[in-house]
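44 is the number that UniProt numbering gives to position 44 of the sequence shown; each next residue is one higher, with no gaps. By construction, the Cβ of each residue, glycine as well, lies at the ideal position given by its N, Cα and C atoms. Structure first, commentary second.
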Amino acid sequence: MRLGRPSGAAAFALSVLSAGGTGVGITAEERLEGTISLARTADQRGFHRFWMSEHHGMGATSVSSPPLMIARLIAETMRIRLGAGGVMLPNHSPLLIAEQFGMLEALAPGRIDLGLGRAPGTDGATAAALRRGADANDGFPQQILELLGFLADDFPSGHPYRQVHAVPGPWQAKENRVTAPSRTPQMWVLGSSPYSAQLAGQLGRPYAFALQFGDADVDTAIRVYRKSFQPSDVLAEPHTLISVPVAISNDPIEAKRQSATSAMAMLRMFKGEGYLLLPPDEVEAYQATVQERHILDAYTDRSLHGTPDTVAARIEALQERTGADEVMLVVGGHSASLDQEGISLIANHYAMPHLETSLAAAAQ
């Protein structure tokens with residue numbers, strides 16, 4: 001399975017992740033439309049993937065169901081791979097996810113990614129409302145195996161789900177006497193710890209590391225993944241993706257201001273005040289304590305913010321250090337227009353192409 005090629009002049013593939021971030025003063029309708037526009041831009045500028053993350057009960061995020069957004073974006077894009085980065089599998093039945101992503105793969109063959117995570121994507125009370133038990137994480141490896149079994153319809157004889165079939169899928173094709181699909185959604189294991197890295201390696205699946213979360217140790221996780229990797233029927237060698245938060249603008253001051261809106265949202269979450277994206281002026285006016293200022297500065301600095309040249313240099317340093325095959329730009333400050341501007345600027349920096357924007361134009 002070939003997972004990706006370098007983007008433009010970059011030595012690695014470049015992709016985009018959005019949570020459909022909804023800032024204070026901005027409606028969900030406006031920001032979801034902005035997410036659609038962002039995906040179109042990513043497609044037109046030759047980015048490799050466009051992923052969306054699953055979150056619940058957060059004022060600053062509007063994508064609670066990545067599959068719903070993927071279905072919409074299939075009709076809005078032409079080439080880019082679309083996916084969940086990710087589906088929080090313990091929140092769902094593996095059969096349901098196999099059905100949903102089997103349907104998406106049928107709608108857009110060869111363009112669908114299924115990233116799997118084990119975090120709830122929300123707070124404890126909301127997780128309980130999702131019917132997620134306290135021990136939900138413990139069954140994550142088994143849930144992945146069940147999901148793979150449903151996608152391939154290859155449970156062994158005697159398995160309790162041997163006669164349970166995900167539709168669309170191989171079983172349906174056989175029943176209807178047609179050729180079975182040649183591929184299934186490209187499945188990734190997501191995480192920010194050695195646990196997820198080892199699991200991805202043992203399953204022989206590509207691994208996506210979320211560097212946007214806290215002080216996660218990407219170097220150790222990547223090392224564990226490569227050491228534990230066992231070739232599978234879909235992947236012969238380890239393949240890694242690192243997602244990093246970015247705020248890119250020709251005005252470095254504005255980029256930093258936008259990065260600070262995400263940092264403030266993290267501080268609010270730590271204080272139990274709710275994850276909200278406040279306007280930059282409101283963030284700057286906030287009278288932070290010494291400890292709060294430390295958190296705000298740490299999360300602002302952790303984001304790769306600044307001009308395209310500055311951000312590209314930091315991306316390249318990270319990629320050179322880790323050997324990552326792909327880098328995914330995580331956008332999601334208060335300003336949707338800066339997200340749009342940012343991915344276009346980095347595409348220009350790496351001389352990525354301007355591709356045809358419609359099926360009719362592409363056919364000419």
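For T126, the nearest candidate out of T322, F150 and G274 (CA to CA)
Taking the sequence shown and counting its residues from 1, the one referred to as residue 126 is at position 126. Closest option to T126, Cα to Cα, is G274.
Do L32 and S62 have their C-beta atoms within less than 8 Å of each other?
For the purposes of this step, residue 32 is identified with residue 32 of the sequence shown, where counting begins at 1. For the purposes of this step, residue 62 is identified with residue 62 of the sequence shown, where counting begins at 1. Yes; because the gap between Cβ atoms is below 8 Å, this pair is in contact.
Between which two residues does the alpha helix (DSSP H) carrying V290 extend?
Walking along the sequence shown from the start, residue 290 turns up at place 290. V290 -> alpha helix (DSSP H) spans V290 to R302.
Three or more C-beta pairs below 8 Å linking the stretch 267-281 and the stretch 229-247:
no
Could you give the first and the last residue of the continuous beta strand (DSSP E) run that contains residue 391?
Any question about residue 391 goes unanswered here, given that the chain covers just 1 to 364.
Fully enclosed by the stretch 29-106, which beta strand (DSSP E) runs are 3 residues long or longer?
49-52 and 81-88
CB of A208 within 8 Å of CB of G115, strictly
Within the sequence shown, the letter at position 208 stands for residue 208. Within the sequence shown, the letter at position 115 stands for residue 115. For A208 and G115, yes; Cβs fall inside 8 Å.
Give me the Cα-Cα distance between L96 and Y195, rounded to the nearest whole angstrom.
If you number the sequence shown from 1, residue 96 lands on position 96. If you number the sequence shown from 1, residue 195 lands on position 195. When rounded, the distance between both Cα atoms is 25 Å.
Look at the Cβ atom of H334, then the Cβ atom of L296, and state whether they are nearer than 8 Å.
Within the sequence shown, residue 334 is the residue found at index 334, counting from 1. Within the sequence shown, residue 296 is the residue found at index 296, counting from 1. Going by C-beta atoms, H334 is not nearer than 8 Å to L296.
Can you round the beta-carbon distance between residue 367 and F47 to whole angstroms, since I take them to be within the 8 Å contact cut?
Only positions 1 to 364 of the chain appear in this structure, which leaves residue 367 out of reach.
Between P245 and chain B, is the shortest Cβ-Cβ distance under 8 Å, so that the two count as touching?
Of the protein chains in the structure, only one exists, and it is not chain B.
Just mark Y225 as buried or exposed, buried being the case when its beta carbon has 16 or more other beta carbons within 10 Å.
As a working note, residue 225 is residue 225 in the sequence shown. Y225 comes out buried.
Could you give the distance in angstroms between the alpha-carbon of L359 and the alpha-carbon of T77?
For the purposes of this step, residue 359 is taken as residue 359 along the sequence shown, with counting starting at 1. For the purposes of this step, residue 77 is taken as residue 77 along the sequence shown, with counting starting at 1. Because the pLDDT at L359 is just 44, under 50, the model does not fix this residue reliably, and the value given afterwards should be weighed accordingly. So the two alpha carbons sit approximately 9 Å from each other.
Sequence-distant residues of the same chain with beta carbon closer than 8 Å to A361, five excluded per side
As a working note, residue 361 is residue 361 in the sequence shown. Confidence is the limiting factor: at A361 the pLDDT is only 43, short of 50, which leaves the residue's position unreliable, though a coordinate-based value still follows. Within the same chain, A361 has no close Cβ partners at all.
For the stretch 182-223, list the beta strand (DSSP E) runs that are entirely contained and at least 3 residues long, ordered along the chain.
186-191 and 207-210
Flag this pair as touching only if the stretch 285-294 and the stretch 247-255 have three or more C-beta atom pairs under 8 Å; answer yes or no.
no
If S7 sits next to M264, beta carbons under 8 Å apart, how far is it from one beta carbon to the other, in whole angstroms?
The residue you call residue 7 lines up with position 7 of the sequence shown. The residue you call residue 264 lines up with position 264 of the sequence shown. 31 Å between Cβ atoms; not a contact.
Contact set for F50: own chain, Cβ-Cβ below 6 Å, skip 5 residues either direction
Numbered from 1 along the sequence shown, position 50 holds the residue referred to as residue 50. For F50, where only same-chain residues beyond five positions count, the Cβ hits under 6 Å are V16, A39, A42, I80 and L82.
Would you tell me roughly how many angstroms separate the C-alpha atoms of A152 and Y350, rounded to the nearest one?
Numbered from its first residue, the sequence shown carries residue 152 at position 152. Numbered from its first residue, the sequence shown carries residue 350 at position 350. C-alpha separation (whole angstroms): 38 Å.
My parser needs the beta strand (DSSP E) runs of 3 or more residues fully inside the stretch 231-298; what are they?
Residue ranges of uninterrupted beta strand (DSSP E) with 3 or more members, entirely inside the stretch 231-298 and ordered along the chain, are 240-248.
CA-to-CA distance, P66 to V87, given in whole angstroms:
Taking the first residue of the sequence shown as position 1, residue 87 is located at position 87. Taking the first residue of the sequence shown as position 1, residue 66 is located at position 66. When rounded, the distance between both Cα atoms is 7 Å.
Quick one: is V218 buried, meaning 16 or more other Cβ sit within 10 Å of its Cβ, or exposed?
Sequence index remark: in the sequence shown, residue 218 carries index 218 (1-based). With 16 or more Cβ atoms within 10 Å of its Cβ, V218 is classed as buried.
Beta-carbon separation of I315 and V244 under 8 Å?
Counting from 1 along the sequence shown, the entry for residue 315 is found at position 315. Counting from 1 along the sequence shown, the entry for residue 244 is found at position 244. One thing to note: I315 has its Cβ within 8 Å of the Cβ of V244.
Quick one: grab the DSSP three-state call for G21.
On the sequence shown, position 21 is the one that residue 21 refers to. The answer is strand: DSSP assigns G21 an E or B state.
Hey, would you say A197 sits closer than 8 Å to A216, going by beta carbons?
Stepping through the sequence shown from its first residue, residue 197 is reached at position 197. Stepping through the sequence shown from its first residue, residue 216 is reached at position 216. Not in contact: A197 and A216 (Cβ atoms no closer than 8 Å).
Tell me, please, which residues DSSP counts as bridged to M328.
To locate residue 328, count along the sequence shown from 1; it is residue 328. Beta-bridge pairing links M328 to S15 and S243.
Enumerate in chain order the residues of its own chain whose CB-to-CB distance from L199 is below 7 Å, with the five nearest sequence positions on each side excluded.
Taking the sequence shown and counting its residues from 1, one reaches residue 199 at position 199. P141 and V189, listed in sequence order.
In terms of alpha-carbon separation, which member of A106, H55 and P156 lies closest to G124?
As a working mapping, residue 124 is identified with position 124 in the sequence shown. G124 has its Cα closest to that of H55, out of A106, H55 and P156.
Tell me which residue opens and which closes the alpha helix (DSSP H) that D309 is part of.
Within the sequence shown, numbered from 1, the residue matching residue 309 stands at position 309. Unbroken alpha helix (DSSP H) run through D309: P308 to T322.
Are the CB atoms of M52 and A28 within a distance shorter than 8 Å?
Along the sequence shown, one-based indexing puts residue 28 at 28. Along the sequence shown, one-based indexing puts residue 52 at 52. For A28 and M52, no; Cβs fall outside 8 Å.
Is the beta carbon of M187 less than 8 Å from the beta carbon of R205?
Counted from its first residue, the sequence shown places residue 187 at position 187. Counted from its first residue, the sequence shown places residue 205 at position 205. Yes, these two residues count as a Cβ contact at 8 Å.
DSSP state of H349 mapped onto helix, strand, coil
Counting from one through the sequence shown, the residue named residue 349 turns up at place 349. In this structure, H349 counts as helix in the three-state DSSP scheme.
I'd like the span of the alpha helix (DSSP H) that includes A108, first residue to last.
In the sequence shown, the residue the question calls residue 108 occupies position 108. Where A108 is concerned, there is no enclosing alpha helix (DSSP H), given that its DSSP letter is neither H nor E.
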